[in-house]
Ligand SMILES: [Zn+2]
């Protein structure tokens with residue numbers, strides 16, 4: 013089922029999500045719904061809080077060489093934790109909860125993440141560059157943080173101004 017993705021400044025996006033305790037059918041439905049929603053919205057990652065579920069659950073699915081995002085290639089991460097990070101990388105990021113905004117953000121160049129899959133099996137994965145950026149972006153969501161919070165004061169002010177204008181325009185359209 014396709015879920016509604018909440019957008020900034022919805023306060024729910026500031027929620028610190030809780031760990032999953034049961035790896036049951038309910039969790040599997042959530043993961044399947046999140047995948048479906050992410051594909052429809054053209055995203056490469058999605059955190060559960062973006063569909064209003066405050067659980068430490070995220071999915072990542074980068075397009076393959078044929079530009080296809082298949083469910084088999086999707087990474088499903090439950091209770092993920094970054095256990096180490098290294099280096100610095102600057103990447104232009106976007107977010108389904110802040111549509112149409114793209115900003116350069118500085119993050120770690122590589123990360124090691126510990127997480128559980130949908131069956132409760134523990135995994136450790138090392139990610140670099142774009143994949144590392146996506147992991148950090150999605151894990152930030154679980155901590156209640158958005159990428160726009162990493163902007164400089166000046167850029168953040170510019171964003172807030174433009175965002176307010178956009179929201180107003182959308183409101184007037186209705
Ligand atoms: Zn995001």
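Residue numbers (the working numbering): 13 to 186.
Every residue gets a Cβ at the ideal spot worked out from N, C-alpha and C, and that includes glycine.
* Inter-residue Cα distance where the pair is residue 35 and residue 93 -> Their Cα atoms are separated by approximately 17 Å.
* Please name the residue or residues paired with residue 59 in a DSSP beta bridge. => Looking at the DSSP output, residue 59 shares a beta bridge with 70.
* Asked: My guess is that residue 32 and residue 39 are in contact by the Cβ rule of under 8 Å, so how many angstroms apart are they, rounded?
  -> Their Cβ separation, rounded to whole angstroms, is 6 Å, which keeps residue 32 and residue 39 in contact under 8 Å.
* Under a three-way DSSP split, which group does residue 103 fall into? -> Of the three classes helix, strand and coil, the one that applies to residue 103 here is strand, per DSSP.
* Go ahead and pull the three-state DSSP assignment for residue 86. => Of the three classes helix, strand and coil, the one that applies to residue 86 here is coil, per DSSP.
* State yes or no: is the C-beta of residue 15 within less than 8 Å of the C-beta of residue 45? => The answer is yes: Cβ separation under 8 Å.
* **C-beta contact flag for residue 90 and residue 128 at 8 Å** => Less than 8 Å separates the beta-carbon of residue 90 from that of residue 128.
* With a threshold of 16 other CB atoms inside 10 Å of the CB of residue 58, please say whether the residue is buried or exposed. => Buried, since its Cβ has 16 or more Cβ neighbours within 10 Å.
* **One or two residues paired with residue 149 in a DSSP bridge** => In DSSP, residue 149 forms no bridge with anything.
* **Residues near residue 148 in its chain [Cβ-Cβ closer than 6 Å; skip 5 each side]** => Answer for residue 148: 119, listed in chain order.
* DSSP three-state assignment for residue 119, whether helix, strand or coil -> Under the three-state reduction of DSSP, residue 119 is assigned to strand.
* Asked: residue 51 to residue 164, Cα distance in whole Å?
  -> Taking the straight line joining both Cα atoms gives about 31 Å.
* In the structure shown, what three-state DSSP assignment does residue 51 receive? -> Here residue 51 sits in helix by DSSP.
* Asked: Run through DSSP, which three-state label would residue 165 get?
  -> Here residue 165 carries a helix assignment [DSSP, helix/strand/coil].
* Between the segment 72 to 80 and the segment 100 to 116, do at least 3 Cβ pairs fall closer than 8 Å? -> Three or more beta-carbon pairs separated by less than 8 Å are not found between the segment 72 to 80 and the segment 100 to 116, which leaves the two stretches without contact.
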